[in-house]
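Note that numbering that gives the first Met the number 0 numbers the sequence shown so that position 129 is 128, with each residue one more than the last. Each residue gets a CB set at the ideal place from its N, CA and C atoms; glycine is no exception. In what follows, a structure is listed as C-alpha coordinates, so that the remarks can point back to it.
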Amino acid sequence: MTGIFRANNPLNSFLLFMYGILLKLVWFIHPQVPEIQKSGEFLFNNILGFIKPTFDAYPVSYSLITYLLLFTQAISFNQVMINRKLMQKPNYLPALSYLLITSMFSEWNILSAPLIINTLLIWILAKMTNLYNNKHAKTTLYNIGAVIGICSFLYFHSLAFLLLIIFALLITRPFKIAEWIIPLIGIFTPWYFLFTWLFLTDKLYSFHLPGFKISYPLFAQNNIEYAALILVFLLVIIGGFFVQSFASKQIVQVRKSWSLLLLYLMVALLIPFINNSYNFEYWMLAIVPVSAFVACAFYYPRIKWIPRVFHWVLVGFVIYMEYLKK
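Shown next, in the form of C-alpha coordinates:
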(Lines of atoms letter the chains of each structure in order from A and count residues from 1; the text may use other names and numbers.)
(Lines give C-alpha, C1' and ligand atoms only; values in the text may rest on other atoms or scores of the structure.)
Protein backbone atom coordinates (compact mmCIF):
# COMPACT_ATOMS: atom_id res chain seq x y z
CA MET A 1 0.00 0.00 0.00
CA THR A 2 2.80 2.44 0.82
CA GLY A 3 4.30 1.60 -2.60
CA ILE A 4 1.11 2.67 -4.40
CA PHE A 5 0.91 6.02 -2.63
CA ARG A 6 4.61 6.82 -3.16
CA ALA A 7 3.61 8.04 -6.65
CA ASN A 8 1.96 11.38 -7.41
CA ASN A 9 -0.84 9.82 -9.43
CA PRO A 10 -4.21 11.66 -9.62
CA LEU A 11 -5.93 8.27 -9.34
CA ASN A 12 -4.47 8.02 -5.84
CA SER A 13 -7.04 10.53 -4.57
CA PHE A 14 -9.81 8.07 -5.39
CA LEU A 15 -7.81 5.13 -4.01
CA LEU A 16 -7.14 7.11 -0.84
CA PHE A 17 -10.84 7.85 -0.47
CA MET A 18 -11.68 4.14 -0.69
CA TYR A 19 -8.75 3.27 1.62
CA GLY A 20 -10.14 5.65 4.22
CA ILE A 21 -13.66 4.23 3.85
CA LEU A 22 -12.36 0.71 4.53
CA LEU A 23 -10.41 1.87 7.59
CA LYS A 24 -13.35 3.80 9.00
CA LEU A 25 -16.21 1.55 7.92
CA VAL A 26 -16.95 0.63 11.53
CA TRP A 27 -18.05 4.20 12.27
CA PHE A 28 -20.53 4.09 9.40
CA ILE A 29 -21.90 0.79 10.71
CA HIS A 30 -21.92 1.98 14.34
CA PRO A 31 -22.08 5.80 14.12
CA GLN A 32 -21.20 7.81 17.21
CA VAL A 33 -23.29 10.79 18.31
CA PRO A 34 -21.15 13.67 19.64
CA GLU A 35 -21.92 15.17 23.02
CA ILE A 36 -21.92 18.72 24.33
CA GLN A 37 -18.52 19.48 25.89
CA LYS A 38 -17.58 21.59 28.92
CA SER A 39 -14.02 22.57 28.04
CA GLY A 40 -14.32 26.02 26.49
CA GLU A 41 -15.98 24.95 23.24
CA PHE A 42 -18.89 27.39 23.27
CA LEU A 43 -19.09 27.90 19.49
CA PHE A 44 -18.85 24.17 18.79
CA ASN A 45 -21.50 23.50 21.44
CA ASN A 46 -23.82 26.05 19.86
CA ILE A 47 -23.33 24.52 16.41
CA LEU A 48 -23.86 21.04 17.81
CA GLY A 49 -26.96 22.15 19.69
CA PHE A 50 -28.36 23.58 16.46
CA ILE A 51 -27.87 20.44 14.33
CA LYS A 52 -28.60 17.80 17.00
CA PRO A 53 -32.42 17.80 16.69
CA THR A 54 -32.08 16.79 13.03
CA PHE A 55 -28.85 14.80 12.95
CA ASP A 56 -29.58 12.66 16.02
CA ALA A 57 -32.40 11.02 14.07
CA TYR A 58 -29.85 9.97 11.42
CA PRO A 59 -26.59 9.28 13.34
CA VAL A 60 -24.76 8.16 10.20
CA SER A 61 -24.84 11.81 9.09
CA TYR A 62 -22.28 12.56 11.82
CA SER A 63 -20.02 9.82 10.45
CA LEU A 64 -20.37 11.19 6.92
CA ILE A 65 -19.46 14.75 7.95
CA THR A 66 -16.57 13.49 10.06
CA TYR A 67 -15.13 11.38 7.25
CA LEU A 68 -15.46 14.18 4.69
CA LEU A 69 -13.60 16.49 7.07
CA LEU A 70 -10.86 13.93 7.66
CA PHE A 71 -10.46 13.16 3.96
CA THR A 72 -10.36 16.81 2.88
CA GLN A 73 -7.86 17.52 5.66
CA ALA A 74 -5.68 14.65 4.47
CA ILE A 75 -5.73 15.88 0.86
CA SER A 76 -5.20 19.53 1.84
CA PHE A 77 -2.28 18.69 4.11
CA ASN A 78 -0.79 16.46 1.42
CA GLN A 79 -0.99 19.36 -1.03
CA VAL A 80 0.83 21.63 1.43
CA MET A 81 3.62 19.06 1.66
CA ILE A 82 3.83 18.93 -2.14
CA ASN A 83 3.65 22.69 -2.72
CA ARG A 84 6.35 23.40 -0.14
CA LYS A 85 8.48 20.50 -1.47
CA LEU A 86 8.95 19.08 2.00
CA MET A 87 9.79 15.63 0.61
CA GLN A 88 12.10 14.67 -2.24
CA LYS A 89 9.26 13.84 -4.63
CA PRO A 90 5.51 14.47 -4.58
CA ASN A 91 3.54 11.57 -3.12
CA TYR A 92 0.38 10.73 -1.18
CA LEU A 93 2.02 9.26 1.91
CA PRO A 94 1.21 12.25 4.19
CA ALA A 95 -2.49 11.84 3.35
CA LEU A 96 -2.30 8.08 3.87
CA SER A 97 -0.57 8.60 7.23
CA TYR A 98 -3.21 11.10 8.33
CA LEU A 99 -6.14 8.78 7.54
CA LEU A 100 -4.37 5.76 9.02
CA ILE A 101 -3.38 7.40 12.32
CA THR A 102 -6.79 9.02 12.84
CA SER A 103 -8.39 5.58 12.38
CA MET A 104 -6.66 4.15 15.43
CA PHE A 105 -8.89 5.69 18.11
CA SER A 106 -12.65 6.18 18.13
CA GLU A 107 -12.32 9.65 19.71
CA TRP A 108 -10.62 10.87 16.53
CA ASN A 109 -13.54 9.72 14.38
CA ILE A 110 -16.32 11.61 16.16
CA LEU A 111 -17.38 15.11 15.17
CA SER A 112 -15.54 17.37 17.62
CA ALA A 113 -14.01 20.81 18.02
CA PRO A 114 -10.40 19.56 17.52
CA LEU A 115 -11.49 17.84 14.30
CA ILE A 116 -12.85 21.10 12.88
CA ILE A 117 -9.87 23.08 14.16
CA ASN A 118 -7.48 20.80 12.25
CA THR A 119 -8.95 22.13 9.00
CA LEU A 120 -8.10 25.67 10.08
CA LEU A 121 -4.66 24.65 11.36
CA ILE A 122 -3.74 23.13 7.99
CA TRP A 123 -4.62 26.48 6.38
CA ILE A 124 -2.52 28.27 9.03
CA LEU A 125 0.40 25.91 8.38
CA ALA A 126 0.22 26.62 4.65
CA LYS A 127 0.40 30.36 5.33
CA MET A 128 3.17 30.09 7.92
CA THR A 129 5.42 28.02 5.68
CA ASN A 130 5.07 30.78 3.09
CA LEU A 131 6.13 33.63 5.38
CA TYR A 132 9.75 33.42 4.27
CA ASN A 133 10.27 36.21 1.69
CA ASN A 134 6.53 36.98 1.76
CA LYS A 135 5.96 40.53 0.47
CA HIS A 136 2.53 40.70 2.08
CA ALA A 137 3.51 39.27 5.45
CA LYS A 138 1.45 41.75 7.50
CA THR A 139 -1.80 40.74 5.81
CA THR A 140 -0.93 37.07 6.17
CA LEU A 141 -0.05 37.47 9.85
CA TYR A 142 -3.30 39.31 10.57
CA ASN A 143 -5.29 36.56 8.85
CA ILE A 144 -3.42 33.87 10.78
CA GLY A 145 -4.15 35.66 14.04
CA ALA A 146 -7.84 36.06 13.16
CA VAL A 147 -8.17 32.36 12.32
CA ILE A 148 -6.53 31.37 15.63
CA GLY A 149 -9.02 33.67 17.33
CA ILE A 150 -11.85 31.77 15.61
CA CYS A 151 -10.24 28.47 16.64
CA SER A 152 -10.42 29.64 20.26
CA PHE A 153 -14.20 30.02 19.83
CA LEU A 154 -14.34 26.35 18.91
CA TYR A 155 -11.90 25.32 21.65
CA PHE A 156 -10.60 28.04 23.94
CA HIS A 157 -7.28 26.40 24.76
CA SER A 158 -6.25 26.46 21.09
CA LEU A 159 -5.13 30.02 21.89
CA ALA A 160 -1.87 28.26 22.77
CA PHE A 161 -1.16 28.23 19.03
CA LEU A 162 -0.18 31.87 19.52
CA LEU A 163 3.16 30.29 20.45
CA LEU A 164 3.34 28.88 16.93
CA ILE A 165 3.03 32.38 15.48
CA ILE A 166 5.90 33.50 17.71
CA PHE A 167 8.04 30.55 16.60
CA ALA A 168 7.17 31.20 12.94
CA LEU A 169 8.25 34.84 13.24
CA LEU A 170 11.48 33.89 14.98
CA ILE A 171 12.32 31.30 12.33
CA THR A 172 11.16 32.94 9.11
CA ARG A 173 11.25 36.74 9.52
CA PRO A 174 13.70 39.42 10.65
CA PHE A 175 12.45 41.17 13.79
CA LYS A 176 9.91 43.93 13.09
CA ILE A 177 7.75 45.10 15.97
CA ALA A 178 4.73 45.66 13.70
CA GLU A 179 4.80 42.03 12.55
CA TRP A 180 4.65 40.90 16.19
CA ILE A 181 1.72 43.16 17.04
CA ILE A 182 -0.43 42.48 13.96
CA PRO A 183 -1.15 38.78 14.79
CA LEU A 184 -2.28 39.85 18.28
CA ILE A 185 -4.69 42.32 16.69
CA GLY A 186 -5.92 39.50 14.46
CA ILE A 187 -6.57 37.24 17.46
CA PHE A 188 -8.30 40.06 19.33
CA THR A 189 -10.61 40.96 16.41
CA PRO A 190 -13.07 38.01 16.68
CA TRP A 191 -13.18 38.47 20.46
CA TYR A 192 -13.88 42.18 20.04
CA PHE A 193 -16.89 41.43 17.85
CA LEU A 194 -18.05 38.69 20.26
CA PHE A 195 -17.91 40.96 23.32
CA THR A 196 -19.59 43.77 21.36
CA TRP A 197 -22.46 41.44 20.47
CA LEU A 198 -22.70 40.17 24.06
CA PHE A 199 -22.83 43.76 25.33
CA LEU A 200 -25.50 44.82 22.86
CA THR A 201 -27.64 41.78 23.68
CA ASP A 202 -27.14 42.24 27.45
CA LYS A 203 -25.40 38.87 27.78
CA LEU A 204 -21.94 40.09 28.68
CA TYR A 205 -22.11 39.25 32.40
CA SER A 206 -23.55 35.79 31.79
CA PHE A 207 -20.62 34.80 29.56
CA HIS A 208 -17.79 33.01 31.35
CA LEU A 209 -14.34 32.52 29.87
CA PRO A 210 -12.80 29.11 30.56
CA GLY A 211 -9.38 29.32 32.15
CA PHE A 212 -6.13 27.47 31.70
CA LYS A 213 -5.42 24.73 34.20
CA ILE A 214 -2.41 22.44 34.40
CA SER A 215 -3.65 18.85 34.45
CA TYR A 216 -2.59 15.30 33.70
CA PRO A 217 -4.28 14.31 30.44
CA LEU A 218 -5.57 10.92 29.36
CA PHE A 219 -2.94 9.16 27.24
CA ALA A 220 -4.61 5.81 26.59
CA GLN A 221 -7.05 3.39 28.23
CA ASN A 222 -5.31 0.03 27.89
CA ASN A 223 -2.01 -1.62 26.96
CA ILE A 224 -2.99 -2.13 23.31
CA GLU A 225 -3.62 1.59 22.90
CA TYR A 226 -0.30 2.36 24.60
CA ALA A 227 1.44 -0.03 22.20
CA ALA A 228 -0.16 1.73 19.23
CA LEU A 229 0.94 5.13 20.53
CA ILE A 230 4.48 3.87 21.11
CA LEU A 231 4.64 2.58 17.52
CA VAL A 232 3.44 5.92 16.15
CA PHE A 233 6.00 7.70 18.35
CA LEU A 234 8.71 5.38 17.01
CA LEU A 235 7.72 6.20 13.43
CA VAL A 236 7.85 9.93 14.24
CA ILE A 237 11.42 9.49 15.52
CA ILE A 238 12.40 7.49 12.43
CA GLY A 239 10.83 10.11 10.18
CA GLY A 240 12.59 12.88 12.08
CA PHE A 241 15.90 11.07 11.62
CA PHE A 242 15.43 10.97 7.84
CA VAL A 243 14.37 14.64 7.76
CA GLN A 244 17.57 15.53 9.61
CA SER A 245 19.65 13.30 7.34
CA PHE A 246 18.43 15.07 4.20
CA ALA A 247 18.44 18.57 5.72
CA SER A 248 21.76 19.50 4.13
CA LYS A 249 20.30 18.80 0.68
CA GLN A 250 17.24 21.00 1.23
CA ILE A 251 16.86 24.70 0.57
CA VAL A 252 16.56 27.09 3.51
CA GLN A 253 12.80 27.51 3.20
CA VAL A 254 12.23 23.74 3.36
CA ARG A 255 14.43 23.40 6.47
CA LYS A 256 12.54 26.23 8.14
CA SER A 257 9.22 24.56 7.27
CA TRP A 258 10.32 21.31 8.93
CA SER A 259 11.43 23.24 12.00
CA LEU A 260 8.01 24.85 12.07
CA LEU A 261 6.34 21.43 11.87
CA LEU A 262 8.38 20.25 14.83
CA LEU A 263 7.36 23.31 16.84
CA TYR A 264 3.75 22.77 15.75
CA LEU A 265 3.97 19.26 17.19
CA MET A 266 5.39 20.55 20.49
CA VAL A 267 2.62 23.16 20.91
CA ALA A 268 -0.11 20.63 20.01
CA LEU A 269 1.27 18.17 22.57
CA LEU A 270 1.21 20.92 25.20
CA ILE A 271 -2.48 21.75 24.86
CA PRO A 272 -3.98 18.66 26.58
CA PHE A 273 -1.91 19.57 29.66
CA ILE A 274 -3.46 23.04 30.05
CA ASN A 275 -7.17 22.24 30.19
CA ASN A 276 -9.35 20.59 32.79
CA SER A 277 -10.72 17.81 30.57
CA TYR A 278 -9.48 14.24 30.30
CA ASN A 279 -10.89 13.52 26.85
CA PHE A 280 -8.53 11.75 24.47
CA GLU A 281 -9.85 13.72 21.47
CA TYR A 282 -7.64 16.74 22.20
CA TRP A 283 -4.51 14.81 21.20
CA MET A 284 -5.92 14.98 17.66
CA LEU A 285 -4.47 18.47 17.32
CA ALA A 286 -1.02 16.85 17.00
CA ILE A 287 -1.95 14.52 14.13
CA VAL A 288 -1.00 16.92 11.30
CA PRO A 289 2.73 17.22 12.18
CA VAL A 290 2.80 13.58 13.32
CA SER A 291 1.55 12.51 9.88
CA ALA A 292 4.32 14.52 8.19
CA PHE A 293 7.07 12.68 10.08
CA VAL A 294 5.37 9.27 9.74
CA ALA A 295 5.12 9.87 5.98
CA CYS A 296 8.90 10.32 5.90
CA ALA A 297 9.31 7.05 7.80
CA PHE A 298 7.26 5.38 5.06
CA TYR A 299 9.04 7.13 2.17
CA TYR A 300 12.78 7.26 2.82
CA PRO A 301 13.94 3.78 3.98
CA ARG A 302 15.89 2.02 1.24
CA ILE A 303 14.72 -1.40 2.40
CA LYS A 304 11.16 -1.18 1.09
CA TRP A 305 9.65 -4.00 3.11
CA ILE A 306 10.31 -2.16 6.39
CA PRO A 307 7.74 0.66 5.84
CA ARG A 308 5.29 -1.91 4.46
CA VAL A 309 5.57 -3.92 7.66
CA PHE A 310 5.06 -0.78 9.77
CA HIS A 311 2.03 0.16 7.68
CA TRP A 312 0.34 -3.21 8.02
CA VAL A 313 1.11 -3.38 11.74
CA LEU A 314 -0.68 -0.04 12.15
CA VAL A 315 -3.57 -1.37 10.07
CA GLY A 316 -3.59 -4.41 12.36
CA PHE A 317 -3.96 -2.13 15.40
CA VAL A 318 -6.90 -0.38 13.68
CA ILE A 319 -8.60 -3.70 12.88
CA TYR A 320 -8.10 -5.03 16.40
CA MET A 321 -9.12 -1.94 18.35
CA GLU A 322 -12.02 -0.83 16.18
CA TYR A 323 -13.34 -4.12 14.77
CA LEU A 324 -12.28 -7.22 16.73
CA LYS A 325 -12.22 -5.68 20.19
CA LYS A 326 -15.69 -4.20 19.74
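Query: Buried or exposed by the 16-neighbour rule on C-beta atoms within 10 Å, applied to residue 283; Result: buried
Query: Close-in-space but distant-in-sequence residues of the same chain around residue 259 (CB under 8 Å, 5 per side omitted); Result: 124, 127, 128, 163, 166, 167, 170 and 171
Query: Endpoints, alpha helix (DSSP H) assigned at residue 175; Result: Per DSSP, residue 175 belongs to no alpha helix (DSSP H) and is neither H nor E.
Query: Test item: CB-CB of residue 77 and residue 156 under 9 Å; Result: no
Query: Candidates 82, 90, 316 and 66, of which the one nearest residue 8 by Cα; Result: 90
Query: When 312, 188 and 122 are compared against residue 145, the one with the closest alpha-carbon; Result: 188
Query: Candidates 32, 52, 294 and 154, of which the one nearest residue 231 by Cα; Result: 294
Query: C-beta atoms of residue 97 and residue 286 nearer than 9 Å; Result: yes
Query: Residue range of the unbroken alpha helix (DSSP H) whose run includes residue 294; Result: 286-298
Query: Secondary structure of residue 265, DSSP reduced to three states; Result: helix
Query: Selection from 118, 272, 308 and 309 that minimises the alpha carbon distance to residue 159; Result: 272
Query: Cβ contact (3+ pairs, closer than 8 Å) linking the segment 79-90 and the segment 237-257; Result: yes
Query: Inter-residue spacing [alpha-carbon to alpha-carbon] between residue 102 and residue 40; Result: 23 Å
Query: Distance CB(residue 30)-CB(residue 60) smaller than 9 Å; Result: yes
Query: Cα-Cα separation between residue 225 and residue 269, rounded to whole angstroms; Result: 19 Å
Query: C-alpha distance - residue 12 paired with residue 202, whole-angstrom precision; Result: 47 Å
Query: Cα-Cα separation between residue 200 and residue 194, rounded to whole angstroms; Result: 10 Å
Query: Helix, strand or coil at residue 32 [DSSP, three-state]; Result: coil
Query: Own chain, CB closer than 6 Å to residue 238, minus 5 neighbours either side, in chain order; Result: 292, 293, 295 and 296
Query: Candidates 311, 174 and 109, of which the one nearest residue 130 by Cα; Result: 174
Query: Selection from 14, 92 and 70 that minimises the alpha carbon distance to residue 306; Result: 92
Query: Check whether residue 227 and residue 313 have beta carbons under 9 Å apart; Result: yes
Query: Local Cβ density within 10 Å of residue 34, reported as buried at 16 or more and exposed below that; Result: exposed
Query: For residue 183 and residue 140, the rounded distance between their alpha carbons; Result: 9 Å
Query: Under the three-state DSSP convention, the category residue 83 falls into; Result: coil
Query: Pick from 278, 301 and 32 that is closest to residue 53, judged by C-alpha positions; Result: 32
Query: Local conformation of residue 280 per DSSP, three classes; Result: helix
Query: Beta-carbon spacing of residue 114, residue 68 below 9 Å; Result: yes
Query: Beta-carbon spacing of residue 288, residue 241 below 9 Å; Result: no
Query: Whole-angstrom C-beta distance between residue 154 and residue 328, which should lie under 8 Å; Result: This structure cannot speak to residue 328, because the chain is shown only from 0 to 325.
Query: CA-to-CA distance, residue 25 to residue 70, given in whole angstroms; Result: 16 Å
Query: Presumed contact (8 Å Cβ cut-off) between residue 100 and residue 290, rounded CB distance; Result: 6 Å
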